[in-house]
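Per the numbering used here, the sequence shown starts with residue 47, numbered consecutively.
Don't be surprised by glycine CBs; every beta carbon is placed ideally from N, CA and C.
Everything on this sheet refers to the single structure shown next.
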Amino acid sequence: MSEVMAAPAAEKKKVVLSGIQPSGLITIGNYLGAVKNWAEIQEQYRCVFMIANLHATTVRQEPAALRKNTLEAYAMLLACGVDPKRSIVFVQSQNPHHTELMWALNCYTQFGELSRMTQFKDKSARYADNVNAGLFTYPTLMAADILLYQADYVPVGIDQKQHVELTRDIAQRMNGVLGNLFTMPECLFPKAGAKIMALTDPTKKMSKSDPNPKSYVAVLDPKDTVIKKFKSAVTDSGSGICRAEGKEGIGNLMTIYSAFTGKSDEEITAEFEGRGYGDFKLAVGETVADVLAPVRERFAALMRDRAYLDACCAEGLEQAMRISQRTRDKVYKKIGFFL
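Quick look at the structure:
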């Protein structure tokens, strides 16, 4: 699938569908790689964003924590610039059409296709004590998410590309058997950009599941915490702010600084010429904390206004169900189900 960068201005806006699981934590890697981009593409596309709490339950969840994390994830999207007046923003579990379409898709998906999913293999090894059917059929729920809204594009990283390809296979199969039901979705790859690595090990991707909290920076971390984490970031024993073999730690900090300032490597190297790693780490930490300050403030304000969040959730759900019901009904009629 070709890389998609921008929607043609003269055409009707294409539909983009994406979601985020309510994990209770968004790192700067998640922010730069996904959520920040969602806010930026709202002018180009007709966007549908969901809190994917059904997907989250393939791993055991504590009910109260899941409810809390779901509301916080919704507030975080809005705090990061997703506008519920320009985009459809809703909670996945509130729309029954997702699981209803999923059953139909399951019946047109082969066992072998699901068993070849790389993510299923990886998570089965990681959660060996809970290899459940939901984990196995996760890709068909993701396919239902996408196909319900006739999405043209799905923002993904390379690890999710396989799931979009399976969605296309299922859609093509059902279109061939039952008629023209679904739009064929394509991957929407982000602009070549920041791959944020762990502060404690710059050879590993930054992850909120890392047991060492010093390895990642969360969007909601207080300014002092952000600066402290960057000050303790692993670097080499050399000097000079530049990219080079053996300087992966400095390279990662340059990537982060560039992502938050828009400065090139050459500009960063010139800015810190003759200055030590300590100065650079402090500058990166202060910059990240200052850029994220409005997000933290907006999130806190939203969490104090539960009535507003509930109203946004209800409006987003109504819009989502109106669109998804058309697809669900069309599929059910073609299959032969009573409505």
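Quick one, which of the options has its alpha-carbon nearest residue i's?
{"i": "I216", "options": "K169, Q156 and V265", "result": "Q156"}
{"i": "F326", "options": "Y354, K274, Y120 and R344", "result": "K274"}
{"i": "I302", "options": "L385, S133 and L245", "result": "L245"}
{"i": "H144", "options": "M243, E118, V105 and T373", "result": "T373"}
{"i": "A110", "options": "A179, P68, T281 and T315", "result": "P68"}
{"i": "F276", "options": "R352, R342 and L299", "result": "L299"}
{"i": "I242", "options": "S304, L234 and A171", "result": "S304"}
{"i": "Q206", "options": "A189, E86 and A85", "result": "A189"}
{"i": "M122", "options": "P185, C359 and D375", "result": "C359"}
{"i": "E444", "options": "F345, P257 and K251", "result": "This structure gives no information on residue 444, because the portion of the chain shown stretches from 47 to 385."}
{"i": "T104", "options": "A174, V330 and M349", "result": "A174"}
{"i": "T186", "options": "K251, H101 and D270", "result": "H101"}
{"i": "K167", "options": "T229, V135 and Q208", "result": "Q208"}
May I ask you to list the residues that DSSP assigns as paired with residue i?
{"i": "A264", "result": "T73"}
{"i": "F95", "result": "S64 and V135"}
{"i": "P201", "result": "L234"}
{"i": "S367", "result": "Reading off the sequence shown, one finds Met at residue 367, where the question assumed Ser. Per DSSP, none; premise fails for M367."}
{"i": "K251", "result": "M243"}
On the criterion of 16 or more Cβ atoms from any shown chain inside 10 Å, does residue i qualify as buried, or is it exposed?
{"i": "N176", "result": "exposed"}
{"i": "A34", "result": "A question about residue 34 goes unanswered here, because the residues of the chain that appear run from 47 up to 385."}
{"i": "R368", "result": "exposed"}
{"i": "Q218", "result": "exposed"}
{"i": "E364", "result": "exposed"}
{"i": "E49", "result": "The pLDDT assigned to E49 is 44, lower than 50, so where the model puts this residue is not dependable, and the model offers no usable value."}
{"i": "C153", "result": "exposed"}
{"i": "A55", "result": "Here A55 scores only 48 on pLDDT, less than 50, and its place in the model should not be relied on; the value that follows carries that caveat. By the neighbour-count rule (16 or more Cβ atoms within 10 Å), A55 is not buried but exposed."}
{"i": "T164", "result": "exposed"}
{"i": "P201", "result": "buried"}
{"i": "T249", "result": "exposed"}
{"i": "R132", "result": "exposed"}
{"i": "M51", "result": "Confidence at M51 is low in this model, with a pLDDT of 44, below 50, so the placement of that residue is unreliable and no value is reported for it."}
{"i": "R113", "result": "exposed"}
{"i": "K58", "result": "exposed"}
{"i": "P142", "result": "exposed"}
{"i": "F383", "result": "exposed"}
{"i": "I204", "result": "exposed"}
{"i": "L328", "result": "exposed"}
{"i": "V81", "result": "buried"}
{"i": "K293", "result": "buried"}
{"i": "S310", "result": "exposed"}
{"i": "E108", "result": "exposed"}
{"i": "W149", "result": "exposed"}
{"i": "N115", "result": "buried"}
{"i": "D267", "result": "buried"}
{"i": "V341", "result": "buried"}
{"i": "K379", "result": "exposed"}
{"i": "V137", "result": "buried"}
{"i": "E336", "result": "Checking the sequence shown, residue 336 turns out to be Asp, not Glu. Exposed, by the Cβ-count rule."}
{"i": "D198", "result": "buried"}
{"i": "G331", "result": "buried"}
{"i": "D375", "result": "exposed"}
{"i": "S255", "result": "exposed"}
{"i": "L385", "result": "exposed"}
{"i": "G79", "result": "buried"}
Is there at least one Cβ from chain C nearer than 8 Å to residue i's Cβ?
{"i": "V94", "result": "Within the model displayed, chain C is absent; a lone protein chain is all it includes."}
*Cβ contact check for the segment 59-74 and the segment 192-203: 3 or more pairs under 8 Å*: yes
*Whole alpha helix (DSSP H) runs in the segment 266-318 with 4 or more residues, listed along the chain?*
269-277, 294-307 and 311-317
*What runs of the alpha helix (DSSP H), each 4 residues or longer, lie entirely inside the segment 110-162?*
143-152 and 157-161
_Given 8 Å, three or more beta-carbon pairs between the segment 157-171 and the segment 125-143_ = Taking 8 Å as the limit for Cβ pairs, the verdict is that the segment 125-143 does not touch the segment 157-171.
*Counting pairs of Cβ atoms below 8 Å between the segment 318-338 and the segment 79-98, do you hit three or more?*
no
*Are the segment 74-83 and the segment 257-266 touching by the rule of at least three beta carbon pairs closer than 8 Å?*
yes
_If contact is defined by three or more beta carbon pairs under 8 Å, each pair taking one atom from either stretch, is the segment 206-215 in contact with the segment 167-181?_
no
*At least three beta-carbon pairs within less than 8 Å, the segment 280-289 to the segment 85-94*: no
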